[in-house]
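Peer 1: Chains as they are written, first to last, in our numbering: chain A, 259 to 456; chain B, 259 to 456. For each residue, glycine too, the CB sits at the ideal point set by N, CA and C. Treat the numbers as computed from the prediction; the structure is a model and nothing was measured. Questions regarding the structure given below will be posed in turn.
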DNA sequence: TTGGTCATGTAAGTCGTTACATGATTGG
DNA sequence: CCAATCATGTAACGACTTACATGACCAA
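Below, the structure is given as structure tokens:
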């Protein structure tokens, strides 16, 4: 149930429409917490109903409208309460390692395909997260720039440092997954004989 | 939807009751894929309905019964098909890194509490997974022993090696998470000043 | 005038969580 | 005889997925 806190983190930097928030999910928080629009719009309505956000109907052109959401004091407090609350961890549920534990039931080719897919998956994530680190350093992330604009001077270093910290952790994790899968490819070579040239 | 494949992996070594499978989840596959009994019993019934398992009603004492599940050829094939299928990855949804990215909104004490909880969480997992490695090496895991008993000699090495491979990956991941959180504690010290003695 | 993007949802279904519910058997 | 453990579920709810649905605005 972190979706609402991800949304609060975004709305905290300034009023936004559902559409803007949904787009931000694709490029900033979304690198850490994915959510589709079909989940975001109803959640914003719920949060408005609970008083965490205030919605403001705006006109757009002749007949178009959009709804700008502002954070309320209750919303700000909910975010701070969440930051102070003990984290909740999901029980482990890891399809990749589950499958890896039974690779003797696969052919060597299937095992290699699986591990290569794992590498490709994490290389994709790695690229996202490294890109985000670059954008943080270049002050090139629009949300971070907006955030820093409303942040007191003495808090800018901290804001940037914690963001770097989060993404560095993700980069390390991705590198670990890739290294693990590579060692799995080596293991298959040792156990089943090296792969024939295609 | 890996639950049924985790169950198939277990039933593949020999007939088991729902209760036994549920217990195995606590000590073997459960280290990789958690599932509560309230999910396991209905899933077994569904799998029986789909012909992946064959259930056999047994009497226990005077009036007690239990249901033994055998894997069917269709079940075996479903497991092998799953091993050969491209893995599916969930979109990223990581509450810990989400929170880490906004730690400037927390007090130093809250930030430290969060990171310490993260360390405690992963030290718990680490202990589980290292324990599992020890049991693999000592041939002390009942499911693995049963598995090896029905495994051809030439396949034993592979069976053990892949299991080690899976758990070694999890151990590395846990170590990475712990290292990350420790570096976060150092970061808080640098940014906010070292913690006062309690 | 047309295609992209702005804008906001609904509906059906799956997976998982938490809590509740019940009763039999067996070993000490 | 009593506690542990064997044994099997149901019910309600919440989070997320996938697919569908609609329409306005704007720039080329």
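Spatial neighbours of residue 391(A) within its chain, please: C-beta separation below 8 angstroms, excluding the five flanking residues on both sides.
Peer 2: Once the five neighbours on either side are set aside, the close Cβ partners of residue 391(A) are 422, 425, 426 and 429.
Peer 1: Taking the alpha helix (DSSP H) that residue 335(A) belongs to, which residues open and close that run?
Peer 2: Residue 335(A) -> alpha helix (DSSP H) spans 331 to 342.
Peer 1: Assuming residue 372(B) and residue 345(A) form a contact by the criterion Cβ under 8 angstroms, report the distance between their Cβ atoms to the nearest whole angstrom.
Peer 2: Contact holds; Cβ gap of about 6 angstroms.
Peer 1: Against chain B, does residue 341(A) count as a neighbour if the rule is that its beta carbon must be under 8 angstroms from one of theirs?
Peer 2: So, interface residue.
Peer 1: Can you confirm whether residue 423(A), when its beta carbon is compared against all beta carbons of chain B, has any partner nearer than 8 angstroms?
Peer 2: Yes, residue 423(A) lies at the interface with chain B (some Cβ there is under 8 angstroms from its Cβ).
Peer 1: Exposed or buried, residue 259(B), counting other C-beta atoms within 10 Å across all chains shown (16 or more means buried)?
Peer 2: Classification for residue 259(B): exposed.
Peer 1: Consult DSSP for residue 415(B) and reduce its assignment to one of helix, strand or coil.
Peer 2: It is helical.
Peer 1: On the three-state DSSP scale, how would you describe residue 320(A)?
Peer 2: It is coil, neither helix nor strand.
Peer 1: When the Cα atoms are used, what is the spatial distance from residue 283(B) to residue 454(B)?
Peer 2: Rounded to whole angstroms, residue 283(B) to residue 454(B) spans 43 angstroms at the Cα level.
Peer 1: Are at least three pairs of beta-carbons, each pair with one atom in the region 363 to 381 of chain B and one in the region 430 to 442 of chain B, less than 8 angstroms apart?
Peer 2: Contact between the region 363 to 381 of chain B and the region 430 to 442 of chain B is present, because at least three Cβ pairs lie under 8 angstroms.
Peer 1: Assuming residue 360(B) is part of the alpha helix (DSSP H), what are its boundary residues?
Peer 2: Run containing residue 360(B): none; DSSP gives neither H nor E here.
Peer 1: Within the chosen definition, does the region 349 to 367 of chain B reach the region 291 to 307 of chain A through at least 3 CB pairs nearer than 8 angstroms?
Peer 2: As far as the Cβ criterion goes, the region 349 to 367 of chain B touches the region 291 to 307 of chain A, which means the pair count is three or higher.
Peer 1: Helix, strand or coil: how does DSSP classify residue 370(B) here?
Peer 2: Looking at residue 370(B) - three-state DSSP - the assignment turns out to be helix.
Peer 1: Within the 8 angstroms Cβ cut-off, does residue 406(B) reach chain A?
Peer 2: No, its Cβ sits nowhere closer than 8 angstroms to a Cβ of chain A.
Peer 1: Apart from the five residues just before and just after residue 439(B), which ones in its own chain have a Cβ nearer than 6 angstroms to its Cβ?
Peer 2: 373, 376 and 377, listed in sequence order.
Peer 1: Measuring only the C-alpha atoms, how far is residue 317(A) from residue 324(A)?
Peer 2: Distance between the alpha carbons of residue 317(A) and residue 324(A) is about 6 angstroms.
Peer 1: To the nearest angstrom, how far is the alpha carbon of residue 437(A) from that of residue 315(A)?
Peer 2: Their backbone Cα atoms lie some 50 angstroms apart in a straight line.
Peer 1: Taking the C-alpha atoms as reference points, what is the distance between residue 354(A) and residue 327(B)?
Peer 2: Whole-angstrom Cα-Cα distance: 26 angstroms.
Peer 1: For residue 425(B), list the residues DSSP reports as bridge partners.
Peer 2: Residue 425(B) pairs with nothing; no bridge assigned.
Peer 1: Can residue 262(A) and residue 301(A) be called in contact, C-beta distance under 8 angstroms?
Peer 2: It is a contact, given that the beta carbons lie within the stated cut-off.
Peer 1: Quick one: does residue 353(B) have its CB under 8 angstroms from some CB of chain A?
Peer 2: Closer than 8 angstroms: yes.
Peer 1: Quick test of the definition: if touching needs 3 or more C-beta pairs under 8 angstroms, does the region 399 to 417 of chain B touch the region 267 to 281 of chain B?
Peer 2: Yes, they touch.
Peer 1: Thinking just about the alpha-carbon of each residue, which of 310(A), 446(A) and 395(A) is nearest to the one in residue 267(A)?
Peer 2: The option with the nearest alpha carbon to residue 267(A) is 310(A).
Peer 1: Closer than 7 angstroms by beta-carbon distance: list the chain B residues that pair up with residue 273(A), in chain order.
Peer 2: None at all; the shortest Cβ gap to chain B is about 18 angstroms.
Peer 1: Residue 362(B): buried (16+ other C-beta within 10 angstroms of its C-beta) or exposed?
Peer 2: Flag for residue 362(B) reads buried.
Peer 1: I'd like to confirm the pairing. Which residues does DSSP put opposite residue 270(A) in its beta bridges?
Peer 2: None, per the DSSP bridge assignment.
Peer 1: Locate the alpha helix (DSSP H) running through residue 296(A), then write down its first and last residues.
Peer 2: Element bounds for residue 296(A): 295 to 307.
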